[in-house]
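Inspection log for the structure reproduced underneath, given as structure tokens.
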Amino acid sequence: MSEQDHSGQPSTPQSVDTGVLALSDAALESITELIVDAQKGRPGAWDQVYSALYRELHRLARMQIRQHWKGAERSPTSLINRTWLRLSQATLNINDRTHLISLLVHAMRYALVDETRRLLAEKRGVGFEAVMLEEDDIGLAYDARLEHLLAVDQALNRLSEAEPRLGLLVELRYFGGMTDEEVAQALGVTDRTVRRDWRRARAFLSSSLGDRGSAELGS
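Below is the structure:
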């Protein structure tokens, strides 16, 4: 039996995360079968799916907090819960490893966007004087990162409508924190193809975000 943290969830080692790419074909098949059972209403199946995916959900949540919420001490719990809610309410039919990865990253993306909107709404709801008293360079930078995240999300929606494959690539890199090599492995293409498609995606996003905004997505 795996160790658990104080919240009752499986504990997550602090060593380097291997992520969903490390799931074996047998593990992937097992998760797929559990999801099918869960959607058929088998008692306890969703709990088993959650336990099987918790490590990856925790890794993604911690990565998003480090990347987008620097300077704010936040627990990954809210992101994990929001992500899991989206996954468990969706109609999941996992076909392969790529599909599983994209489902996890897509759910985490929308959980992050939902949480970001909530944070900005809370801050804007504070009285004007309080905001002025608390505002500083760190706060401005923090707000700018949140606003940039929402701008990326909107631009990515437009890209995905025009070029679905490019949209998935950006989602895996920006919201999944994956390297070119990991994206290539997930999509079953070469590193060269990923780099070529990334240049095309960056060119598209530059038209919406500007050169500076798209540069923050990474090279």
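When you line the sequence shown up against the numbering used here, it's residues -8 to 210, in that order. Every residue, glycine too, gets a C-beta built ideally from N, C-alpha and C. Since the model is a prediction, treat every value here as computed from it, not as a measurement.
Residue i to residue j span [Cα, whole Å]
| i | j | result |
| --- | --- | --- |
| His59 | Gln176 | 25 angstroms |
| Gly167 | Arg53 | 11 angstroms |
| His139 | Gly179 | 30 angstroms |
| Arg73 | Arg191 | 31 angstroms |
| Thr89 | Leu19 | 11 angstroms |
| Leu78 | Asp171 | 25 angstroms |
| Arg164 | Val174 | 7 angstroms |
| Arg149 | Ile92 | 21 angstroms |
| Ser69 | Leu51 | 12 angstroms |
| Ile26 | Tyr45 | 14 angstroms |
| Trp75 | Val40 | 10 angstroms |
| Arg65 | Thr181 | 37 angstroms |
Beta-carbon proximity of residue i to residue j, cut-off 9 angstroms
| i | j | result |
| --- | --- | --- |
| Leu94 | Ala81 | yes |
| Arg100 | Glu162 | yes |
| Phe195 | Leu137 | no |
| Gln55 | Leu111 | no |
| Leu200 | Ala135 | no |
Whole-Å CB distance - residue i paired with residue j, under 8 angstroms assumed
| i | j | result |
| --- | --- | --- |
| Leu160 | Val143 | The pair is not a contact, with the Cβ atoms about 14 angstroms apart (cut-off 8 angstroms). |
| His49 | Ile71 | 6 angstroms |
| Ala29 | Ala36 | 4 angstroms |
Starting from the N-terminal side, write out each stretch of the beta strand (DSSP E) that is 3 residues or longer and does not extend beyond the stretch 15 to 99.
Listed in chain order, nothing qualifies, since the stretch 15 to 99 has no complete beta strand (DSSP E) run of 3 or more residues.
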